[in-house]
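Report on one structure; see the data block that follows.
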Amino acid sequence: MNPQITNLIIILGMMQVSKKIPFEDPQVLMGVRALYIVSNLIIVGIYLYMQQKINAKKDLTTLKYVEPPPMGSSEEPKLITTTVHSYDLQQLRGLFKSQLMGVGMMAVMHLYFKYTNPLLIQSIIPLKGAFEGNLVKIHLFGQPAVGDLKRPWKAAGGLMGMGGAGDPKADKKSIEQAERAGSGGVKEE
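Under full-length UniProt numbering, the first residue of the sequence shown is numbered 1, with each subsequent residue one higher.
Here is the structure:
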C-alpha cells in the first residue's frame, strides 16, 4: 500500500482516538509526552546505527548523476560526481535535519501553543517513515540497491506523492549532456 495513504489513514484514526484521550489528566499527558520522546529516541538510534553501517561499508563506488535545478530556478542542471558512501551520508544528514525540524515544530506547537493531540500522531508517523526510508531498507534490512533502491533516489513526493519533477537523473544520456554543457565539476568528497 502507498505510504501516503497509510499515513492519511493513521492520521485520521489517531485524530479520532485522540478525541477520547483525557489530555487534561497530567498522568496521561506525561505518558503521551514520554511516547513522543521514546519514538524520537528510537529514530535517532536507527539513524546513528545506519551511520555506523555506512561508515563500516565505506562504499567508494563512484556515483554520477545530474541534479536538476530548484523548481522555478533558471540555473542549469549540474553534474554531481560522488561516492556511494558520501551520497548515503548526505542523505542521512538530510534525515537528521528533517527529524530535528519536526521536533522543533512539535515543541513550538506543544509548548507555546499548547496543542497536545499532534503529540500522539507525531509519535507514530515519523517512526513509520523512518522504517520506510531507502537508507533503512538498504543498511538496516539488507535489501540490495536495485530498482527503486538504486541510487540516486527520487526526491520524496510532496502532497500525496505528487512530486518528483526534480528527480536526479543517472542515465548515460543526461550525464553526457551535462558533461558537454560544462555544468560538471561539482565533486563531493
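Here a beta-carbon is modelled for each residue, glycine too, at the ideal position from N, C-alpha and C.
Everything numeric in this text was worked out from a predicted model, so none of it was measured.
When C-alpha distances from K53 are compared across L92, V66 and I37, the shortest belongs to L92. Setting aside the 5 residues that flank it on each side, Q143 is surrounded in the same chain by K137 and L149, each with a C-beta closer than 7 Å to its C-beta; the list follows chain order. Contact check for M50 against L135 passes: the beta carbons are separated by less than 8 Å. It is roughly 32 Å from the alpha-carbon of Q4 to the alpha-carbon of T81. Taking C-beta atoms as the reference points, Y36 and S123 count as a pair closer than 8 Å. The straight-line gap separating the alpha-carbon atoms of T61 and G31 is approximately 46 Å. By a beta-carbon distance limit of 8 Å, P152 does not contact A181. Their separation comes to about 19 Å. DSSP places E24 outside both helix and strand once states are collapsed to three, so it counts as coil. Exclusion of the five residues before and after E67 leaves P77, K78, I80 and P168 as the residues of its chain whose Cβ lies within less than 7 Å of its Cβ. E67 is bridged by DSSP to K78.
Pairing I10 with L127 gives a Cβ-Cβ distance that is not under 8 Å. Cβ neighbours of Y65 within its own chain (closer than 6 Å, five residues either side excluded): I80, P152, P168 and A170. Across the set K57, A155, I175 and L48, the C-alpha of A155 shows the shortest separation from the C-alpha of P70.
Residue pairing for K169: DSSP places it in a beta bridge opposite V66. Beta-carbon to beta-carbon, L100 and V84 are separated by about 25 Å, too far to satisfy the 8 Å threshold. Membership of K97 in the alpha helix (DSSP H) is indicated by the continuous run V84 to A107.
The alpha helix (DSSP H) runs lying completely inside the stretch 3-47 and spanning 4 residues or more are 3-19, given in chain order.
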